[in-house]
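Protein chains: 2
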Amino acid sequence: MLSKKTKYGLKALTYIAKSVGDVPVQISEISKSENIPQKFLESIMLTLRKSGFLGSKKGKHGGYYLIKEPSEIKMADVMRVLEGPIAMVPCVSLNFYEKCDDCPDEHECSVHKLMIQVRDNTLKVLRNNTLEDLSGS
Amino acid sequence: MLSKKTKYGLKALTYIAKSVGDVPVQISEISKSENIPQKFLESIMLTLRKSGFLGSKKGKHGGYYLIKEPSEIKMADVMRVLEGPIAMVPCVSLNFYEKCDDCPDEHECSVHKLMIQVRDNTLKVLRNNTLEDLSGS
DNA sequence: GTAATTCCTATTAAATCGATAGGATTAATA
DNA sequence: TATTAATCCTATCGATTTAATAGGAATTAC
Numbered sequence: 113m114l115s116k117k118t119k120y121g122l123k124a125l126t127y128i129a130k131s132v133g134d135v136p137v138q139i140s141e142i143s144k145s146e147n148i149p150q151k152f153l154e155s156i157m158l159t160l161r162k163s164g165f166l167g168s169k170k171g172k173h174g175g176y177y178l179i180k181e182p183s184e185i186k187m188a189d190v191m192r193v194l195e196g197p198i199a200m201v202p203c204v205s206l207n208f209y210e211k212c213d214d215c216p217d218e219h220e221c222s223v224h225k226l227m228i229q230v231r232d233n234t235l236k237v238l239r240n241n242t243l244e245d246l247s248g249s
Numbered sequence: 113m114l115s116k117k118t119k120y121g122l123k124a125l126t127y128i129a130k131s132v133g134d135v136p137v138q139i140s141e142i143s144k145s146e147n148i149p150q151k152f153l154e155s156i157m158l159t160l161r162k163s164g165f166l167g168s169k170k171g172k173h174g175g176y177y178l179i180k181e182p183s184e185i186k187m188a189d190v191m192r193v194l195e196g197p198i199a200m201v202p203c204v205s206l207n208f209y210e211k212c213d214d215c216p217d218e219h220e221c222s223v224h225k226l227m228i229q230v231r232d233n234t235l236k237v238l239r240n241n242t243l244e245d246l247s248g249s
């Protein structure tokens, strides 16, 4: 299941990408428009800023803006920051690898083989889609 | 993340599929061999039996056996029983559809579009793989 | 009739998730 | 300079889910 955090984050990024002009977009505006609890969204925006997707301006007339072009922002990267591993088991994760405690040898594990395929296909989608694709049309 | 329940369930099914002869396989044997807590595995086997993947024999020399051929058991079906929806958001789930409470119109939702692609690619893998594929070689 | 097994329900401890609270800091502007 | 409006930051809370355990009932082989 996709967490609300990730879903809200993706919606917020899309909203900013769609916004016209170069003025920063405010949390309160996104929150109202996308039905996202404002305080919750605050913490998500903070994460997105700290991980290099957004820039911010403080104080009156402040807000958030994209640092990179929408076409440069891969969904896979956003997902990793907000959701964590893309793989369904840690032992097939490229960026968050961990050994399973119940498997003496993961190459013998039937689940491992299956989950590599799932990971590869999911990754294909998430690498091919950028923020531009989400906000387009 | 794949739950332990699902992972254990898939391992247990694989173990039974690999077992030779037509005698029922016992929980205690699977539990030891696959490092799965026995009591936890008990409840998983029960679920798999009630959902039509396994048959059981009670009492001494009892145990579990496959009801269908391994090649007939699609991973997608097992996953739905043990893990629930395959889709990452309920609003793109084929078997567990639910409307999102934050989306007035899901066809306008950028996340929706992305998650349909993820679902379709995951489904492709889980439909193409059967228990035979997991237990083979 | 005894031992071995599945069957069933309930419970628990820990982790995670979604959301909120309360203020500190910064900047525009009147 | 004072006020207002925004981000920033840390902590916390309640609900849900997850992984696992407990304890015994029912069934069957021998």
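Keeping their order, the protein sequence lines are chains A and B. Going by the numbering used here, the first sequence opens with residue 113, and the numbers climb by one from there. Going by the numbering used here, the second sequence opens with residue 113, and the numbers climb by one from there. C-beta atoms are modelled at their ideal positions from N, C-alpha and C, and glycine is treated no differently.
Note that the C-beta distance between residue 219 of chain B and residue 204 of chain B is not below 8 Å.
Residues are counted here when their Cβ sits less than 9 Å from a Cβ of chain A; for the segment 141 to 164 of chain B these are 146, 147 and 148, given in chain order. For the segment 207 to 237 of chain B, the beta-carbon criterion of a distance under 9 Å to any beta-carbon of chain A is satisfied by 212, 213, 214, 215, 216, 221, 222, 223, 225, 226, 227, 229, 230, 232, 233, 234, 236 and 237. Beta-bridge analysis with DSSP links residue 166 of chain A to A:178. In this structure, the straight-line span from the alpha carbon of residue 137 of chain A to that of residue 177 of chain A is close to 6 Å.
Around the C-beta of residue 208 of chain A, fewer than 16 other C-beta atoms lie within 10 Å, and the residue is accordingly described as exposed. Membership of residue 240 of chain A in the alpha helix (DSSP H) is indicated by the continuous run 222 to 240. Around residue 114 of chain A, the same chain offers 195 as residues with beta carbons nearer than 8 Å, after the five sequence neighbours per side are excluded. Closest by C-alpha distance to residue 206 of chain A, out of A:228, A:212, A:122 and A:186, is A:228.
Residues of chain B with a Cβ closer than 7 Å to the Cβ of residue 126 of chain A are, in chain order, 222. Annotation: the continuous alpha helix (DSSP H) that includes residue 142 of chain B extends over 139 to 146. One alpha carbon belongs to residue 148 of chain B, the other to residue 249 of chain B, and they sit about 22 Å apart.
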